[in-house]
Each structure stands twice: as structure tokens, then as C-alpha cells.
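Chemist: If you read the protein sequences in the order shown, they are chains A and B. Start counting the first sequence at 1; every next residue gets the next number (the numbering used here). Start counting the second sequence at 197; every next residue gets the next number (the numbering used here). The structure under discussion is supplied below as C-alpha cells; questions concerning it will follow.
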Amino acid sequence: MPADDNDSERFKALYVAHSREVFAYALRRLRNPDTAADVMAEVFTVAWRKLNAVPNDDSAKLWLFGVARNVVRNQERGIRRRTNLAVKLVAHFSGIDYEPDPAPEPALMELVRVALEELKEDERELIQLVMWDSLTPSQAAQVVGIPPGTVRTKLHKARVKLRTALMAQAPERFFENGHVYSGETVSLSDTYKEEQ
Amino acid sequence: MNDNELDALMASANPVSESKMAALDIKSGAEDLLEAIMSETTTRSYKRLGFAGVAVAAVAAIAIGVTVIDGERGAGAEVLQLVLASTNRSEAKLGEEAAMSGVGAPAADRMYWQPTEYSIAESFEMPTGSSTVWEFTASKSERDDFRARASEAIQNLGGTPNAEHIWSDDYEPYYWSYSDYAQVAVSSETRAEDGASGGGTSGSSGGAVDPAAPVSEPEPAVVDCSLYPKDPGCYLEEPKPPVNVPGKDEADDLGRQFFEDLGLDLSDYQVDVYADDWGAFVSAYLVVNGHNTWMGWNIGFGENAEVTYAGGVLSSPRSLGEYPLADRETVLNRLNEYQSVMPMLKDGLEYTSDVAVDSSPVGPIDTLTPPEVRKVELIRAELGLTQFYDVNGRLLLVPAFDLYSKDGLEVTILAVAKEFVDESTPDEAPLPGVDTPTDTAVPPTEPVTSVDPVPGDFEPIPQDEADTLLGLSEEEASKVAAGNDWVVRIVARDGEFFQVTSDYVTNRVNLEIVDGVVKAVSVG
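Structure follows, in C-alpha cells:
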């Protein structure tokens, strides 16, 4: 375990630079601030223990995301570690207003959540890394540990699958030509009637 | 829906938008977090190491940092696919069968464990939390460099590291050993079997010599020479101690010179020395996170301080990630299901039942009494590490619990939570001579991860066919085996048992050679 002042300073800098991103990463996937706090506690504990392995450049964020990804997967498997540290962090985060602003339409969030479930785990992660965590495909490749070329191929397939899943799940939300309808839900029968 | 619309849709469904993320009020500052982490880690170290005070534990926590070698991203997610097939309960069953039949099982008199029913006392809490799994890894060039340094270090001590004396091949890329028993064959052989050979491929042959443990003289072998005239105990002369064997201090100096020539940083190792009239042995065991890994390097000296043995691992541990620890129920299940996964003493010696198994031919099976089942209550657990191979051939150091009964250390068992260990293989793998494979074998439950054996294509060489090699010369046996497309592995020669991998290969025969003749054959 690193223990000298330089390590402490470096750790603090990492935390200041990336804690929000790590927390948001976990929150986007788990949608619960308590479990996101668990994840964050675990990620930064790992970072402290393995500080020498954390890159010194911009890819430190990607390293943290890589750890976060694994911790989230553990959480999703039902393996939840509630350490004293996590308890303390949860207390800190308990007052966070984490509801997005402006809040997305709940039905839309649910529609997307279900559509994402249709994707394979790595496809889903890549889509979220690029579309929600604002990583480039190359950065996403580093997080999931596969070649950038493969990521681009997977992303393409994932987008097609996602689009298909969205359309199949809620055809009434879209016009037949596939464009998003930017208003209230229109029933499929109404759409057909208009086109007829 | 075009790409732009999909992007817009996804952006509007982002549970935490970029602007919202920037506004997140994370009240816990880095100082608080660091303090909490330090506190948490120190508490864990204290609990794990059982030290008498937090202050000591804090020192230990700092010391841990010394041995953490290049942690890696990707912590903790990989499900371990450990090679348990050769050390699962089937093998215990094999031993049980052997105990009842007295014949027919490979090396039954050495591999037998008495069936034991374990319970865990309510009064103690199993260690909780997580622990690191380490992978021993090195590139080919790194291993080659290590081999070169090892040969040079042997040479510096007057040894002759030629091909005859060095054992290291692509099948065991992580181990290297040198042995020159020509000088003091008998004493070295005795010592080698007594646990000083080191660097074994299973947890039970780690080659450890615990300096704190009482060292007893090896019991003289009791062998009926009329039945086994070629047993080493029957044809070798009474050994005499070699002369000018280095004492403990001299051996310590020589050993440290060897380790330093190898390039080991001894601050990361625990150095043990043992010396008696027959030889002197120095071991450097790598300490990781405060746990002795019982892996590292060792060297033995005989007459006139000649190097008789040296060996060790060619790679360094790197973190594979943090893994949650198994709970009480999992531990208990493993203890009672996989009785021989790791029933070994802490010093690395094999667990030996006090219910002896007579390897000599005996009467009909139905006249024999099944071995008695021991009942053991476990009262204490300590977290440590032990070694496994995974199905991809990686050498891993995996968290393990040392479990104690009132009589002391009883058993060591895998401590990784069940969600992270694929345990499907052991339950399904049949064993030759015990569970005869049939066409109606039940396929393994998902996930299927075993590589070999797989129930569907598990067709081991029948033992009675393998037994046709008995009594043949090594050369003749090799020819017969080759004619049958069998793979030959020599596991012992003239009483010296070699380090072998614990995997099971269906078309492999393991031969024990005495005086150039096949004395025992096993399949696997």
C-alpha cells in the first residue's frame, strides 16, 4: 500500500478529478445512490491500493472506469460489499439530489433500459460508455479491454440492435419512416390511419 | 430513426447528464476518503493478520505495499476456472476405494485421505471482506532471463548447470530446478521427499520447511522386500551422512548469495534455513500482502557445500483483482464436498491419515472394513494464500482459509466466494476405475468451463490396459505406449518423485521407474 506524502497527494488529485465521473458512471448503471456510493468506495479503495498501477496521464479516468465496470458487474451479480468505508460514503451522498435535471421522461428511461437489456453485456457497456459517459470509441476500448477496431464494429452492431429494440418495443412512439416522434405518444392505429 | 435521432434519444434518457454530473455535490472530500480508506484497510489488516495492536497493524499495512507488484486494471470480475479435477472429492473417493481394495489405484498409499466430516463452531466468525488473487506471470524472454540468471547463480556456487541437471520445459514454464544428486544421492533423495524440494505444482507440495515446526527424523520405510525387491528400501545400502555439510550460518550465507545472484529482493521474502548432518536447505518464500505464499526459491547443499538442489518460480505475481471471500456455508460445503482439494499442513507436507493404507495385496474386498469417518470441529480460521492452476494453465495464488481444530491446523480450503469460482467440473468429472464413464453421462450444468476432462468425451485409458506396462523397461514401455498413442510421463525415478502438473490427461500414463523398470502405472 502506498503510504508516503506523494502518494497521498496523487490520490487526492485523482479523487478531485474523477470522483464525480466515477459516481455518475455507477449511478447511470445502477440508478441508486447507495449502491453507486458502494461502487465509488470500492473503486477508490482499489485505486489507493494499486496507486502505482494507475496511469499518470488522462487514461487514469479510463483505469478507474475499468475498475468501476468490474465492481458494478459484481453489484449486478448480487455481490454487494458494504464496507465501513461505503457506509461512510453513503452517509455523505445521502443528501445528493441525483435526479437528472431536466428529468427525462420516466417512460423513455424505461424504454431505453429495456432496450439496452436486449444487447449483450459488452455491447451495452460500449453504448453507455460512448453515449452516456462521453468516451470516444478508443477510450471505451481501453475500459473494456478490447481492440479499438473491434469496438467500432461492436458499436455499429450495438446501435443497430438498440434501434431495432427500441422500435420493436414501442412502435407507436415512432413514425413508420423511423423518425422519433417528439411529442406525446401517438398510437400506432392513429399513425396508420393518417397514412391510409 | 437515424443516428442523430438515436443519439438524441439516448442523451435525453441519460440518468445522469453531463451537466448534472458536474453539479453533483460530493461532500466527502479526498481527505475524508483517504482517512476512511486508511482506517478501513488498517482494520482489515489487523483482523487478517491477528496482530496484537492497531499500531503494529499500521506498520504491517505499510509493509504490504512493499510486496504489491503491479496491480492491474480489471480487478475482481473474472470467474476463476481453477483446475480442481485432480484434487476433487473423486480423488478422495479413489483413495477410499483404494483403502477398501488395497490395490488398483495409483499411488494409493501416498494419495489417500481419510474421509472427514467437518463442522464449524458457531463461536467464531469467518473472515469476511475480500482478498487479492494473484497471477504468476512472465513473458518467455523474462523467463529465459531468469533461467540464465539461475544457471549463473548455480555456477557461482560451483554447480554445473548443464542439461542433465536442469529441469525446465515449456509444459512447466513457471518452474525451474537444478538437481545434482550424484554426490549425496541417498540423503538428498530422502530430503527431497521430506518436503525440501520446493516449488511443487500443487498446494500440497510447496516445498516448505517451517523452521518453527519440530523436525522429526523420517521414519524408516517398512517394505516387504520379498514382494517389492526393487523398492529403494530393499536394494539401497544403509546411507551414511556426507562430510563437510555446511552448518546453518554458512548455508544461510550461501543461500542468500544464490538468491541475490538470482536478483531477488529479499525484503519481499521470508528466508528459512534448515541444516542437519545430511544436508542444509535455504528457502526464500515470497510474502504477498503479509501472507507467506510458500512459493519462491530454495537451494540445498550437501557434501563440501556442493549444490544438490535448487529450484523455484520464474515469474512474479501480479494482481488479478480483489475477490470477495467465501461465507461459512460455502466453506463448509467445500470442506465436505472437496475433501482433498487442499488438505495439507501449513508447512506444505501432505496430510497423512493415521489410518494407514496397506499398499500390499490383500484379501477379497468384502473382507475389508471401510475407513472410519473422522469428525472434526473447526474453531479458528486465518486467511492465507495457496496456489492453483486455472484451466488456461495460469499459475494463480488464491486466497485460502487455514482452518484450525483444537489440535492445530487441520485443513486449508479455497476462500474465494462461490460466485467467482467455477466449481462445475469436479462434480461431473468421472474417474477411471471408480465412476466408469458411460454414454449416458449427465452433461455438466451451466456454465460449462472444463477443458479436460469433459464428461462427453472422457475416455481414459483403462487401468488394466495401462498395467500392461508394468515390468517393462522404460524404453519398452515408451514404445508400447507410443504404439497405443498414449502420452508417457515419468513421475518418479528410483524413489525420487518429480514435480508434476495436477491436470488430468485421459491418454496419459504416469510411470514410476525403479532401476530402469516400470514399477507403477497410473492413468491421468
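Backbone N, C-alpha and C fix where the C-beta goes; we use that ideal spot for every residue, glycine too. Keep in mind it's a predicted model, so treat the numbers as computed, not measured.
How close, in whole Å, do the beta carbons of B/K444 and B/A476 come, if the pair is a contact with beta carbons under 8 Å?
Modeler: Going by Cβ atoms, the distance from B/K444 to B/A476 rounds to 7 Å, so yes, they are a contact pair.
Chemist: Looking at chain B, is there any beta carbon in it that lies within less than 8 Å of the beta carbon of A/L166?
Modeler: So, interface residue.
Chemist: Closer than 9 Å between beta carbons: that is the criterion. Which residues of the stretch 197 to 221 of chain B meet it against chain A?
Modeler: If the cut-off is 9 Å between Cβ atoms, the stretch 197 to 221 of chain B has M197, N198, D199, E201, L202, D203, A204, L205, M206, A207, S208, A209, N210, P211, V212, S213, E214, S215, K216, M217, A218, A219, L220, D221 near chain A.
Chemist: Please state whether the Cβ-Cβ distance between A/S8 and B/L229 is less than 8 Å.
Modeler: Not a contact, by the Cβ cut-off of 8 Å.
Chemist: What is the rounded straight-line gap between the Cα of B/N680 and the Cα of B/I362?
Modeler: Rounded to whole angstroms, B/N680 to B/I362 spans 30 Å at the Cα level.
Chemist: Taking DSSP as the reference, what is the three-state secondary structure of B/G498?
Modeler: The answer is coil: DSSP assigns B/G498 none of H, G, I, E or B.
Chemist: Strictly under 8 Å for the Cβ-Cβ distance: is B/I233 near chain A by that measure?
Modeler: Yes, because at least one Cβ of chain A sits closer than 8 Å to the Cβ of B/I233.
Chemist: What does B/A353 touch in chain A if you count any residue whose Cβ is under 9 Å from its own?
Modeler: Per the sequence presented here, residue 353 of chain B reads as Leu, with Ala not at that position. Within chain A, no residue comes near B/L353; the closest Cβ sits about 34 Å away, beyond 9 Å.
Chemist: Under a CB-based cut-off of 8 Å, is A/E118 close to chain B?
Modeler: So, not an interface residue.
Chemist: Measure the C-alpha to C-alpha separation of A/A168 and A/P137 and round it to an integer number of angstroms.
Modeler: Their backbone Cα atoms lie some 27 Å apart in a straight line.
Chemist: Buried or exposed for A/N52, please, with buried defined as at least 16 other CB atoms from any protein chain shown within 10 angstroms of its CB.
Modeler: Looking at its Cβ environment, which holds fewer than 16 other Cβ atoms inside 10 Å, A/N52 is exposed.
Chemist: If the cut is a Cβ gap below 7 Å, which residues of chain A does B/E518 touch?
Modeler: Here the neighbours are V46.
Chemist: Is B/T356 closer than 8 Å to B/S511 when the C-beta atoms are compared?
Modeler: No, they are not a contact pair.
Chemist: Under a CB-based cut-off of 8 Å, is A/N56 close to chain B?
Modeler: By this cut-off, A/N56 is not an interface position.
Chemist: Is DSSP giving A/Y15 helix, strand or coil here?
Modeler: Helix.
Chemist: Provide the residue span of the alpha helix (DSSP H) that contains B/G451, from first to last.
Modeler: Note, B/G451: alpha helix (DSSP H), 444 to 458.
Chemist: Name the residue from B/L574, B/S718, B/T664, B/G580 whose alpha carbon lies nearest to the alpha carbon of B/S319.
Modeler: Measuring from the Cα of B/S319, the nearest candidate turns out to be B/L574.
Chemist: Could you work out which residue in A/V71, A/K161, A/A47 is closest to A/L27 when comparing CA atoms only?
Modeler: Answer by Cα proximity: A/V71.
Chemist: Mark B/D449 as exposed unless 16 or more other C-beta atoms lie within 10 angstroms of its C-beta, in which case mark it buried.
Modeler: By the 10 Å Cβ count, B/D449 comes out exposed.
Chemist: Please classify A/V151 as buried or exposed, where buried requires at least 16 neighbouring CB atoms within 10 angstroms.
Modeler: Buried, by the Cβ-count rule.
Chemist: Tell me whether A/F11, by its Cβ, gets closer than 7 Å to a heavy atom of the ligand GTP.
Modeler: By its list of ligands, the structure shown contains no ligand whatsoever, and the ligand GTP lies outside what it can speak to.
Chemist: Can you find a C-beta in chain A that's less than 8 Å from the C-beta of B/A226?
Modeler: Taking Cβ atoms only, chain A reaches closer than 8 Å to B/A226, which makes this a yes.
Chemist: Quick check on the DSSP output: the beta strand (DSSP E) that includes B/F597 runs from which residue to which?
Modeler: It spans 591 to 601 - the beta strand (DSSP E) in which B/F597 sits, taken as one unbroken run.
Chemist: Quick check on the burial criterion: 16 or more other C-beta atoms within 10 angstroms. Buried or exposed for B/S718?
Modeler: Under this definition B/S718 is a buried residue.
Chemist: Am I right that B/R530 and B/M322 are in contact with their C-beta atoms under 8 Å? What's the rounded C-beta distance?
Modeler: Wrong, their Cβ atoms sit about 12 Å apart, outside the cutoff.
Chemist: With C-beta atoms as the reference, is B/L521 less than 8 Å away from B/E274?
Modeler: Cβ distance not < 8 Å, so B/L521 and B/E274 don't count as in contact.
Chemist: With H, G and I counted as helix, E and B as strand and the rest as coil, what does DSSP make of B/P520?
Modeler: DSSP places B/P520 in strand when its eight states are reduced to three.
Chemist: Would you grab the beta carbon distance between B/Y465 and B/A613 for me? Rounded to a whole angstrom, and I think it's under 8 Å.
Modeler: At roughly 30 Å, the Cβ-Cβ gap does not stay under 8 Å, so B/Y465 and B/A613 are not in contact.
Chemist: I want to see whether chain B comes within less than 8 Å of A/E21, judged by CB atoms only; does it?
Modeler: Answer yes: the Cβ-Cβ gap between A/E21 and chain B drops below 8 Å somewhere.
Chemist: Got a sec: is the Cβ-Cβ distance from A/V151 to anything in chain B below 8 Å?
Modeler: Cβ-Cβ to chain B under 8 Å: no for A/V151.
Chemist: Does DSSP put B/D266 in a helix, in a strand, or in coil?
Modeler: In this predicted model, B/D266 has a pLDDT of only 29, less than 50, meaning its place in the structure is not dependable; the value taken from the coordinates is given anyway. It is coil, neither helix nor strand.
Chemist: Is A/K161 close to chain B, meaning its C-beta is less than 8 Å from at least one C-beta of that chain?
Modeler: Not one chain B Cβ lies under 8 Å of A/K161.
Chemist: Compute the distance between the beta-carbons of B/N352 and B/D457, then report whether it is under 8 Å.
Modeler: Yes, these two residues count as a Cβ contact at 8 Å.
Chemist: Which residues, in order along the stretch 471 to 486 of chain B, keep a beta-carbon less than 7 Å from a beta-carbon of chain A?
Modeler: Within the stretch 471 to 486 of chain B, no residue has a Cβ that lies closer than 7 Å to any Cβ of chain A.
Chemist: Please name the residue, chosen from A/A107, A/P55, A/N74, that lies closest to A/T35 on a Cα-to-Cα basis.
Modeler: Answer by Cα proximity: A/N74.
Chemist: B/S327 CB to nearest chain A CB: under 8 Å?
Modeler: By this cut-off, B/S327 is not an interface position.
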